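Just so we're aligned, residue 838 is where the sequence shown starts under the working numbering, counting upward by one.
Don't be surprised by glycine CBs; every beta carbon is placed ideally from N, CA and C.
All values derive from a computational prediction rather than experimental measurement.
Heads up, the thing below is written out as structure tokens.
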Amino acid sequence: MTYAAPLADIRFTLREIAGQADIAALPGYENATDDMIDAVLEEAGKLSGNALAPLNRTGDQQGSRLENGVVRTPEGFVGVYRQFIDGGWNSLPFDPEFGGQGMPWLLATAVQEMWQSANMGFGLVLLLNQGAIDAIHHHGSPEQKATYLPKMIEGAWTGTMNLTEPQAGSDLAQLRSRAVPQGDHYLITGQKIFITYGEHDLAENIVHLVLARTPDAPPGVRGISLFIVPKLLPNADGSPGKRNDVRCVSIEHKLGIHASPTCVMSFGDDGGAIGWRIGEEGRGLSYMFTMMNNARLAVGVQGLAIAERAYQQAVAYARSRVQSKDDTRPDPKPVAIVRHADIRRMLMTMRSQIEAMRGLGYYTAAAIDCALKHPDTDARRKAQDRVDLLIPIVKAWFTDLGNEIASLGVQVHGGMGFIEETGAAQHLRDARILPIYEGTNGIQARDLVGRKVAKDGGETMSSLTAEMRALATALEVVAGDDTAVLADAVAKAADALDDATAWVAQTGKADIGAALAGSVPFLRLAGTALGGWLLAKGALVAHRRLASREGDPAFNEAKIVTARFYAEVILPPALAQLGPLKSAGRTVFALAEEQF
Ligand SMILES: Cc1cc2nc3c(=O)[nH]c(=O)nc-3n(C[C@H](O)[C@H](O)[C@H](O)COP(=O)(O)OP(=O)(O)OC[C@H]3O[C@@H](n4cnc5c(N)ncnc54)[C@H](O)[C@@H]3O)c2cc1C
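Structure, rendered in structure tokens:
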């Protein structure tokens, strides 16, 4: 049940896939030296392995409890959260003007992976706070920033995201919570459900970001505004003061992430919770999207993180469980199951997809840094286009894989995987929420097809496939069987992704229903192809390193073998999604009209 941060692969991915050096050279990131990044990773690895991971199982068993209006987190959470504040961990990527350390999102993403692997139930409080800080930073007034950001960046106060209502989940146009102006503030009334860390005992105050409608607002999404509603109203000196009219009325009993309190929040039972509008009236949802881009990357990273945790546990079990003789040897003695072909196939399936995700996740985080800090306007815009395209892929593909890999982890354990004591089952239960919250994966695929590809007719995707082809060419000129296989696989992946994108862009214009019916297979194809590209990129670096006797040869060889497994086993069925995605469009509606 232990977790050891995979620092060697994290470092390799940061440097060789995501371009750590280029990101560190951006104006504003002068402090992100190689030494500093190494030191941060090292310390985060210790904190996640030594302090957070041991609380994962007990957190699952105890869960958070609501007692007389107060949510008590599991044993040890208060203490470990204190360590986060004292170590300045909350402040890593934020603006130094408000107490942040101004480090790249690239580094923050790698660190986030470790927190989420070690303890997802705990990691959620950090994830939500990060998104709320981002939204206030981008859209808050100078006073709002001065009041809330330093406390939230320190972690003394935490943020929440209050969107969902019983009748408004994926469809936020149906929101009913109300915000009535009164003097310099608004009075908020309504009920929000499923609010992660809506109430807890880790911080001295909780800052709710709430979507609600003003009295004369038009119906639909244009009538929605965003409000800051603190649990304790800040005094003039910034300290937390009087209790606001907002409370947690119950917490949900869930399949997983038991440690994370999922709260039903009631606003305005005694007349109205005091809230302050962020930005302009009617722009609430677009402001929330700023936060959602950040949160969706982080949720994708949760998929990667839970997969890594499940993989580490599966490897350890496979090495220790002795069962059956080795079919490839005459010796009849039973051996560790890691010797068996099918166990190895499962472990390679887990490992290769984890490394593919890590590549694409960090690549996306680096694009966020470019979009924020690049001195050239055109480069910033291009980076932002890539971020916008990649976010739904990262969110949905990673979280689907998180589930598949956690399920493989159970399978590697045999019967013991189904028994709670080993912990393999917890990863599967915890992973199950990931394709649902922060916009279901169906909604991500709809966003990818309906907005992101439609916006530019597939141009941004083409800029990525052009890079894939350039890598295929670079691989082709390197002699060797491995590089030849990888060159061919990457070229085929680029072709399939181009074909699929063209189909989606064209069909989307003529028949949006048909394009949407193929949107999930399209997203899967895109994620698998892009992940394969970045794995192959890593393999080329590893190949060069081996040739020049640089670095650990075992690590470099493993990178090549892993990329080759992915190219030969994982990519081909994913690329064959093109057929299903086209026929889904033809058949889904014809059947659905009559049958459902
Ligand atoms: C543990 C947990 C924590 C959460 N944390 C938060 C939080 O902190 N803050 C917050 O505001 N919310 C939170 N949520 C809510 C979460 O974001 C929603 O559950 C999610 O957005 C889906 O909404 P819904 O449950 O109403 O499902 P629905 O919207 O009813 O969806 C049901 C199904 O219909 C599909 N569907 C709906 N519309 C479409 C469409 N147009 N096209 C295709 N398919 C469609 C969905 O993909 C899904 O499969 C949390 C939920 C849970 C369970």
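Take L986, set aside five residues on each side of it, and the residues of its chain with a beta-carbon closer than 7 Å to its own are F935, I970, I973, H974, in chain order. Secondary structure at G1075: coil, using DSSP grouped into helix, strand and coil. Counted as a single uninterrupted DSSP element, the stretch harbouring R909 is not any alpha helix (DSSP H) but the beta strand (DSSP E) occupying residues 907 to 909.
Using a cutoff of 8 Å, the CB of R1283 counts as near ligand 1, since one of the ligand's heavy atoms is closer than that.
Take the alpha-carbon of Q1343 and the one of G1355: they are about 13 Å apart. Per the Cβ contact rule, the region 1146 to 1160 is in contact with the region 1250 to 1265 (3 or more Cβ pairs under 8 Å). A residue is called buried when at least 16 other Cβ atoms come within 10 angstroms of its Cβ; E853 meets this threshold and is buried. Ranked by Cα distance from G1121, the first of R1386, R1015, I874, Q857 is R1015. Set against 8 Å, the gap from the CB of E1089 to the closest heavy atom of ligand 1 is smaller. Partner residues in the beta bridge of S1087, as assigned by DSSP, are V1101.
For P864, the CB contacts under 8 Å within the same chain, skipping 5 residues up- and downstream, are K1210, P1212 in chain order.
Around the beta-carbon of L1092, fewer than 16 other beta-carbon atoms lie within 10 Å, marking it exposed. In the DSSP assignment, A890 falls outside any alpha helix (DSSP H), carrying neither H nor E. At least 9 Å separates the beta-carbon of G992 from that of A945.
Along the region 945 to 1006, the beta strand (DSSP E) occurs as fully enclosed runs of 3 or more residues at 994 to 999, listed in sequence order.
H1264: member of the alpha helix (DSSP H) spanning 1261 to 1268, first to last residue. A distance of 9 Å or more separates the beta carbons of T1033 and T984. For the region 1291 to 1370, the continuous alpha helix (DSSP H) assignments of 4+ residues that do not extend past its boundaries occur at 1296 to 1313, 1318 to 1347, 1349 to 1354, in sequence order. Short of 6 Å from the beta carbon of M1298, and not among the five residues preceding or following it, lie these beta carbons of its own chain, in chain order: T1338. In terms of side-chain proximity, the C-beta atom of F1104 is found no nearer than 8 Å to any non-hydrogen atom of ligand 1.
A straight line joining the alpha-carbon of D872 with that of G924 spans about 18 Å. Using a C-beta cut-off of 8 Å, the region 956 to 969 makes no contact with the region 1224 to 1234, since fewer than three inter-stretch Cβ pairs fall below that distance.
Under the criterion of beta carbons closer than 8 Å, G958 and A1096 qualify as touching, at roughly 3 Å.
If the five residues before and after G913 are omitted, its C-beta is found closer than 6 Å to the C-beta atoms of L892, all from its own chain and listed in chain order. In this chain, the beta strand (DSSP E) harbouring N1042 covers 1042 to 1050.
At a Cβ-Cβ threshold of 9 Å, Y1403 and A1073 do not count as neighbours.
For W1234, the enclosing alpha helix (DSSP H) starts and ends at 1214 to 1249.
A Cβ-Cβ distance of about 6 Å is found for the pair V1066 and V1083, placing them in contact under the 8 Å criterion.
Bounds of any beta strand (DSSP E) do not take in S1189; it lies within the alpha helix (DSSP H) bounded by 1178 to 1210.
Ligand 1 approaches I1032 closely enough that one of its heavy atoms is under 8 Å from the residue's Cβ. By the neighbour-count definition (other C-beta atoms within 10 Å, threshold 16), P1390 is an exposed residue. Secondary structure of Q1414 (DSSP, three-state): coil. Nearest to I1030 by alpha-carbon distance, out of H1037, Y1023, M998, L851, is M998. Within 8 Å of the C-beta of S901 there is not a single heavy atom belonging to ligand 1.
Rounded to whole angstroms, R1266 and V1378 show a C-alpha spacing of 37 Å.
In the assembly as shown, V917 is a buried residue. Its beta-carbon has 16 or more other beta-carbons within 10 Å.
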